[in-house]
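Asker: So the protein lines, in turn, are chains R and W.
The opening position of the first sequence corresponds to residue 237 in this note's numbering, with each subsequent residue numbered one higher.
The opening position of the second sequence corresponds to residue 6 in this note's numbering, with each subsequent residue numbered one higher.
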Amino acid sequence: VTKRGDTIGIVGAGSFGTALGSVLARAGRRVVMWSRDPAVVDAITTKRSCPRLPEAPLPAPLEATADPRKLAAEARFLVLAVSSKDVRDRARELGNFVDGSHIVVHAVGALALPTNDRVSEVLQQGLPTLKVGVLAGPALPADLAQGVFSSIVVASTFEEVVREARRLLNVPPALRVYGSKDLAGVELASALAGAYTVALGLCDGLAMGPGPRAVLITRAVAEASRPGPGRGCRGAHVRRAGRARQLAGARERALDRLPARQAIRRRRGHRRRRANRGRARRPRRGRAREAAARAHARAGRGCRGARRARRSARGRAARRRQRRGCRVNGRRASGAGRRAS
Amino acid sequence: MAIERPVREAENRLERFNADRERLLGEMERRVVARKIAEAKGGGDASLEYVLNDVAYCELKRLEHKKNGATDRWRDLSRRLLTMSEEEKQGELRSLVRHYGKDVVGNFDPRVYKFATGVGPSLMGLLFSPMSSLRDGMAALKSLESRIAADGECEIARACAERGTIVVCPTHSSNMDSPAIGFGLMRAGLPPTTYGAGKNLFTNPFISFFMRNLGAYRVDRRLKFELYKDVLKEYSTVLLEHGYHSLFFPGGTRCRSNVVEKHLKLGLLGTTVTAYKNLVREGMPQKRLYIVPATINYRLVLEAETLIDDYLAETGKSRYIITDDEFSRIGRILEFFRKILVHEGSVVVRFGRPLDPFGNDITDDGESIDRAGRVVDPATFVRGADGEVTDDDQRDAEYTRALGRRLAQVYPKLTVFHATHLVSRALYDELARRTGTRDIYHLLRLAPAASSIPVADAIEGVVKLRARLAGTPAWGAEHPLLQPQAASAIVDDAVRGLGTYHTRPVVVRQSDQLRVEDIKLLYYYQNRTAHIPVEGSA
């Protein structure tokens with residue numbers, strides 16, 4: 237029989253709650269999931285599948301209930317995975333059954349409406365327990381459901397919360413949990429990162445390119461770090477969130493190397509080149525130009541290879557001039573080359 | 006204003022203190038020694054030679070300038086340390102714990118208490134207003150009693166004192182706080198409490214005599230080593246477990262700037278969670294502990310000049326302890342009683358609704374309720390998954406911080422504004438409006454001509470401030486005796502108070518102008534209203 241202290245209660249059978257329950261149950265953890273919708277409870281119990289995330293397998297250690305009393309009685313560690321607009325109601329409802337010994341961490345990556353309070357503040361107002369925390373990070377439900385490696389951070393001012401969350405939720409290699417004491421910082425970073433992700437999505441959708449994207453990320457980090465001190469953050473997590481966004485950028489770049497993305501890029505490049513066809517080009521001068529032209533011809537139609545070839549051709553031309561004893565200013569020479577290109 | 010309801014059990018608790026003292030000391034000693042020995046088994050910095058060396062090192066540092074062999078004992082200990090056996094170390098630890106325990110432990114003399122609460126106020130009233138007392142007859146003998154008023158949630162606090170153990174947590178702005186809260190408790194019909202008083206307070210022989218015999222225990226802030234802190238915390242914990250009502254100043258030290266305290270050091274307040282946890286473990290969760298917030302509101306503050314100087318010099322960081330302030334001068338204290346306490350209700354102690362050790366509110370029956378108003382069992386806060394009581398120092402510290410946040414939330418609501426505070430704020434606002442800055446360092450350099458304000462402007466400022474206060478009870482309230490008064494009378498009263506006690510008058514009236522003579526003290530008194538936003542700001 238699994239002890240109450242080793243059982244994880246999940247409040248809400250949405251996509252994240254289901255994915256988390258799935259990954260934990262597959263690792264052999266006992267999970268009790270509370271949903272207010274009897275149809276969802278029935279589907280989980282009978283079909284071992286949740287309608288909100290059908291692709292997530294829900295093996296036996298996971299059970300569903302529509303009774304919050306059962307959830308609170310069987311699990312001391314609870315994960316609140318509901319939408320930000322439901323937080324208050326669900327906390328109030330749950331508060332009738334939990335006591336001061338319960339640990340409640342939420343996975344709401346937003347501020348609670350309409351007051352824009354942090355969700356942990358709302359929980360402390362609505363629940364009898366003071367031991368609350370936050371789960372945040374780039375763990376996507378689809379990744380969790382498929383068992384793709386994911387990572388999250390748990391933050392709380394109570395070390396016990398972090399300790400218990402890491403003990404119960406850490407199921408490597410599918411899910412690795414890191415700890416932090418900066419509850420306010422992680423909550424704020426999580427909420428703001430969500431907002432900035434939307435902005436980044438717009439940026440990408442408008443095909444604005446890496447420059448504006450970099451500016452947006454830089455300014456987002458600067459902006460996100462401002463409200464922190466006034467709202468009790470320790471500061472590091474907003475910066476870390478910024479770094480996380482940069483990492484997300486790196487992830488995007490990595491995705492760019494995937495065949496599907498490359499095909500998209502090729503199509504875009506083809507369209508651009510077709511649009512530029514027939515336009516006048518600035519003349520290139522000297523041997524560097526000729527070498528560049530040859531290199532370009534050698535490199536075919538790939539831009540990156542051509543650029544590299546041009547650069548090396550320019551270097552070769554400069555070195556030749558130097559060998560002949562000409563007055564050479566490397567910087568000027570390369571500058572001239574850049575202007576010429 | 007005095008409440009006639011008698012205190013039954015509560016009074017008896019401190020009366021049995023002297024008989025209990027050895028038992029309390031023994032319990033404290035046993036626990037501290039057992040814990041230290043258990044920790045020492047882990048080795049490293051917790052091993053006994055490090056613990057003892059820490060004591061010897063800190064004592065040598067403290068006593069290095071003293072003569073007559075004051076350091077001999079510690080030099081000897083430090084020399085012997087490496088050759089001592091484990092049993093010898095444990096014996097040395099035990100004797101040190103006993104030594105510091107005896108230094109800390111207080112005394113309660115029922116005769117002194119009877120004197121202090123019965124004859125004392127009348128006698129002091131006679132002493133401090135000698136000629137008028139004779140003229141005004143016996144009514145004046147009770148004058149001191151009428152000077153210190155107590156109000157607020159006294160009924161429920163008294164019920165809590167009878168039901169369980171109370172821990173009174175007042176704001177701290179003066180060394181007069183100890184006697185003031187003592188009288189305040191008496192006036193509210195609450196039991197006397199034991200409390201930790203800084204050893205520097207014992208420099209005044211008059212006050213020291215009373216404190217020594219009314220249950221105060223001494224806290225020597227010069228002793229920085231861990232062992233002393235452990236002794237202090239454990240002694241406080243044992244007192245609470247044995248049902249002795251206590252008093253802590255959660256601010257830690259006197260508030261230099263006179264603002265209503267927001268950042269609390271908490272200190273011994275953490276022992277309430279530990280004591281309750283121990284009670285739950287021993288199967289007595291029904292023996293509740295209640296935290297009673299209180300504010301002590303002075304019309305004028307004895308050490309205002311020193312405190313504000315210290316604040317401005319150190320920009321609020323209290324890095325050193327003032328030992329030669331007004332409190333150590335008998336003459337200044339007499340002056341304080343003569344000039345400050347001539348006003349009725351010069352000191353108001355306002356008690357708030359009690360909280361439990363986890364910062365939860367309580368019902369009238371003493372049951373804890375959460376923020377949503379549901380009754381909760383406080384014992385569950387220290388229990389683990391299967392109902393067992395768990396030890397977690399970080400968790401307990403976090404609970405204490407949560408309690409501190411609740412106290413800091415409650416204090417503004419319990420603040421009582423005297424005429425001196427209201428008028429100081431009105432004048433400071435007016436000066437700030439004229440100069441375009443609220444920066445005290447800028448205002449300190451103000452030309453004398455610029456520091457005169459028409460009386461009419463001050464009255465208008467007071468009227469506006471009173472209206473805002475009336476509309477926002479969360480900021481506090483004006484003194485009950487001010488309520489029927491007109492703003493002009495409040496201004497006159499404040500000018501009289503601010504102009505008489507301090508070595509230099511704070512404000513002087515010149516026909517229809519009020520001239521600010523001491524901007525530092527004006528700033529000090531207006532700081533009591535600092536949590537009230539400036540009018541027109543967001």
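By construction, the Cβ of each residue, glycine as well, lies at the ideal position given by its N, Cα and C atoms.
Looking only at its own chain, which residues have a Cβ that is under 8 Å from the Cβ of Thr440 (chain W), when we skip the five neighbours before and after it?
Answerer: Taking the second sequence and counting its residues from 1, one reaches residue 440 (chain W) at position 435. If we look at Thr440 (chain W) and ignore the five residues flanking it on each side, its Cβ neighbours are His447, Leu448, Leu451 and Ala455.
Asker: Excluding the 5 residues preceding and the 5 following Lys267 (chain W) in the sequence, name in chain order all residues of the same chain whose CB lies nearer than 6 Å to its CB.
Answerer: Your numbering for residue 267 (chain W) matches position 262 in the second sequence. Answer for Lys267 (chain W): Ala413, listed in chain order.
Asker: Hey, could you find the ends of the beta strand (DSSP E) Ala202 (chain W) is sitting in?
Answerer: One-based indexing of the second sequence puts residue 202 (chain W) at position 197. Thr199 to Gly203 is the extent of the beta strand (DSSP E) around Ala202 (chain W).
Asker: Just to confirm my understanding: we take Asn532 (chain W), look at its own chain, exclude 5 residues before and 5 after, and list those with CB closer than 6 Å. What are they?
Answerer: Residue numbering aside, residue 532 (chain W) sits at position 527 when the second sequence is read from its first letter. Closer than 6 Å at the Cβ level, and outside the excluded window around Asn532 (chain W), lie Ser262, Asn263 and Val264.
Asker: Quick one: using the 10 Å Cβ neighbour count with 16 as the cut-off for buried, is Glu27 (chain W) buried or exposed?
Answerer: Here residue 27 (chain W) refers to the residue found at position 22 when the second sequence is read from its first residue. By the 10 Å Cβ count, Glu27 (chain W) comes out exposed.
Asker: Go through its chain and collect everything with a Cβ distance to Ser183 (chain W)'s Cβ below 8 Å, but skip five positions before and after it.
Answerer: In the second sequence, the residue the question calls residue 183 (chain W) occupies position 178. Hits under 8 Å: Tyr200, Ala202, Leu206, Ile212, Met216 and Ala221.
Asker: For Leu244 (chain W), collect the residues of the same chain with a Cβ closer than 7 Å to its Cβ; drop the 5 residues on either side in sequence, then sort them by chain order.
Answerer: Reading the second sequence from its first residue, position 239 is the one you call residue 244 (chain W). Within the same chain, Leu244 (chain W) has close Cβ partners Leu29, Thr199 and Ser251.
Asker: Give me, in chain order, the residues of the same chain whose beta-carbon lies closer than 7 Å to that of Asp353 (chain R); leave out the 5 immediate sequence neighbours on both sides.
Answerer: By one-based count along the first sequence, residue 353 (chain R) stands at place 117. Cβ neighbours of Asp353 (chain R) beyond the five flanking positions: Leu347.
Asker: Just list the alpha helix (DSSP H) runs in the stretch 257-337 of chain R, keeping only unbroken ones of 4 residues or longer that don't cross its boundaries, in chain order.
Answerer: 274-278, 304-310 and 323-331, all fully within the stretch 257-337 of chain R.
Asker: What does Thr198 (chain W) touch in chain R if you count any residue whose Cβ is under 9 Å from its own?
Answerer: As a first step, residue 198 (chain W) must be located in the second sequence, where it is residue number 193. Within 9 Å Cβ-Cβ: nothing; Thr198 (chain W) doesn't reach chain R, min ~27 Å.
Asker: For Ala309 (chain W), which beta-bridge partners are listed by DSSP?
Answerer: To locate residue 309 (chain W), count along the second sequence from 1; it is residue 304. DSSP lists no partner for Ala309 (chain W).
Asker: How close, in whole Å, do the beta carbons of Val297 (chain W) and Pro359 (chain W) come, if the pair is a contact with beta carbons under 8 Å?
Answerer: Reading the second sequence from its first residue, position 292 is the one you call residue 297 (chain W). Reading the second sequence from its first residue, position 354 is the one you call residue 359 (chain W). The Cβ separation is near 5 Å, so the contact holds.
Asker: Alpha helix (DSSP H) containing Ile260 (chain W): first to last residue?
Answerer: For the purposes of this step, residue 260 (chain W) is taken as the residue at position 255 of the second sequence. The amino acid at residue 260 (chain W) is misidentified as Ile; the sequence shows Cys. That residue, Cys260 (chain W), is in no alpha helix (DSSP H); it is neither H nor E in DSSP.
Asker: Flag this pair as yes or no: are the beta carbons of Pro293 (chain R) and Val267 (chain R) separated by less than 8 Å?
Answerer: Taking the first sequence and counting its residues from 1, one reaches residue 293 (chain R) at position 57. Taking the first sequence and counting its residues from 1, one reaches residue 267 (chain R) at position 31. Not in contact: Pro293 (chain R) and Val267 (chain R) (Cβ atoms no closer than 8 Å).
Asker: Give me, in chain order, the residues of the same chain whose beta-carbon lies closer than 6 Å to that of Ala75 (chain W); leave out the 5 immediate sequence neighbours on both sides.
Answerer: Working through the second sequence from its first residue, we reach residue 75 (chain W) at position 70. Excluding positions up to five away in sequence, the list reads Leu68.
Asker: So which residues on chain W does Glu396 (chain R) lean against when the C-beta distance must stay under 8 Å?
Answerer: Your numbering for residue 396 (chain R) matches position 160 in the first sequence. Asp397, Gln399 and Arg400, listed in chain order.
Asker: For Asn332 (chain R), does the count of other Cβ atoms within 10 angstroms reach 16, so buried, or fall short, so exposed?
Answerer: The residue labelled residue 332 (chain R) in the question sits at position 96 within the first sequence. Asn332 (chain R) comes out exposed.
Asker: Going by the CB atoms, is the gap between Pro362 (chain W) and Tyr416 (chain W) shorter than 8 Å?
Answerer: Locating residue 416 (chain W) in the second sequence gives position 411, where the first residue counts as 1. Locating residue 362 (chain W) in the second sequence gives position 357, where the first residue counts as 1. No, these two residues do not count as a Cβ contact at 8 Å.
Asker: From this set, R:Val355, R:Thr243 and R:Gly253, which residue's C-alpha is nearest Pro287 (chain R)'s C-alpha?
Answerer: Position 51 of the first sequence, counting from 1, holds the residue named residue 287 (chain R). Nearest option by C-alpha distance: R:Gly253.
Asker: Is any beta-carbon of chain W found at less than 8 Å from that of Lys239 (chain R)?
Answerer: Position 3 of the first sequence, counted from the start, is the residue given in the question as residue 239 (chain R). So, interface residue.
Asker: Measure the alpha-carbon distance for Gly504 (chain W) versus Asp397 (chain W) and round it to whole angstroms.
Answerer: Start at 1 with the first residue of the second sequence, and residue 504 (chain W) comes out as number 499. Start at 1 with the first residue of the second sequence, and residue 397 (chain W) comes out as number 392. C-alpha separation (whole angstroms): 53 Å.
Asker: Quick check: what's the CA-CA separation for Met89 (chain W) versus Asp59 (chain W)?
Answerer: Start at 1 with the first residue of the second sequence, and residue 89 (chain W) comes out as number 84. Start at 1 with the first residue of the second sequence, and residue 59 (chain W) comes out as number 54. One C-alpha to the other measures close to 16 Å.
Asker: Spatial neighbours of Val496 (chain W) within its chain, please: CB distance less than 7 Å, with the 5 preceding and 5 following residues excluded, ordered by chain position.
Answerer: Locating residue 496 (chain W) in the second sequence gives position 491, where the first residue counts as 1. These residues qualify, in order along the chain: Val428, Val460, Ala463, Ile464 and Val467.
Asker: Along chain R, which residues have their Cβ under 9 Å away from the Cβ of Glu383 (chain W)?
Answerer: Translated into positions along the second sequence, residue 383 (chain W) becomes position 378. First, the amino acid is wrong: residue 383 (chain W) is Pro here, not Glu. Within 9 Å Cβ-Cβ: Gly336.
Asker: Output, in chain order, the set of chain W residues within a Cβ distance shorter than 7 Å of Thr393 (chain R).
Answerer: The residue labelled residue 393 (chain R) in the question sits at position 157 within the first sequence. Correct list: Glu403.
Asker: Roughly how many whole angstroms lie between the Cα atoms of Gly383 (chain R) and Leu411 (chain R)?
Answerer: Numbered from its first residue, the first sequence carries residue 383 (chain R) at position 147. Numbered from its first residue, the first sequence carries residue 411 (chain R) at position 175. Rounded to the nearest angstrom, the two C-alpha atoms are 8 Å apart.
Asker: To the nearest angstrom, how far is the alpha carbon of His70 (chain W) from that of Leu53 (chain W)?
Answerer: As a working note, residue 70 (chain W) is residue 65 in the second sequence. As a working note, residue 53 (chain W) is residue 48 in the second sequence. Whole-angstrom Cα-Cα distance: 27 Å.
Asker: Does Gly389 (chain W) get closer than 8 Å to chain R when you measure Cβ to Cβ?
Answerer: Here residue 389 (chain W) corresponds to residue number 384 of the second sequence, with the count starting at 1. Answer yes: the Cβ-Cβ gap between Gly389 (chain W) and chain R drops below 8 Å somewhere.
Asker: Spatial neighbours of Lys204 (chain W) within its chain, please: C-beta separation below 8 Å, excluding the five flanking residues on both sides.
Answerer: Position 199 of the second sequence, counted from the first residue, corresponds to residue 204 (chain W). Cβ neighbours of Lys204 (chain W) beyond the five flanking positions: Arg223, Val224, Asp225, Arg226 and Arg227.
Asker: Does the structure place the stretch 39-46 of chain W close enough to the stretch 277-287 of chain W that three or more beta carbon pairs sit under 8 Å?
Answerer: Cβ pair count under 8 Å is below three, so no.
Asker: Among the residues of its own chain, which have a CB less than 7 Å from the CB of Tyr118 (chain W), if the five just before and after it don't count?
Answerer: In the second sequence, the residue the question calls residue 118 (chain W) occupies position 113. Excluding positions up to five away in sequence, the list reads Pro197 and Leu219.
Asker: Rounded to whole angstroms, what is the Cα-Cα separation between Tyr432 (chain R) and Ala407 (chain W)?
Answerer: Taking the first residue of the first sequence as position 1, residue 432 (chain R) is located at position 196. Taking the first residue of the second sequence as position 1, residue 407 (chain W) is located at position 402. Straight-line Cα distance between these residues: approximately 32 Å.
Asker: Give the list of continuous alpha helix (DSSP H) stretches no shorter than 4 residues that lie fully inside the stretch 408-450 of chain W.
Answerer: With a minimum length of 4 residues, the continuous alpha helix (DSSP H) runs that stay inside the stretch 408-450 of chain W are 424-440 and 445-448.
Asker: Short of 9 Å Cβ to Cβ, which residues in the stretch 355-374 of chain R face chain W?
Answerer: Those would be Gln360, Gln361, Gly362, Leu363, Pro364, Thr365, Leu366 and Lys367, in chain order.
Asker: What's the gap between the Cα of Arg305 (chain R) and the Cα of Arg163 (chain W)?
Answerer: Residue numbering aside, residue 305 (chain R) sits at position 69 when the first sequence is read from its first letter. Residue numbering aside, residue 163 (chain W) sits at position 158 when the second sequence is read from its first letter. Using only the alpha carbons, I get a separation of about 37 Å.
Asker: When we look at the beta-carbon of Asn365 (chain W) and count the other beta-carbons within 10 Å, is it buried (16 or more) or exposed?
Answerer: On the second sequence, residue 365 (chain W) is found 360 positions in, with the first residue counted as 1. Buried is the call here.
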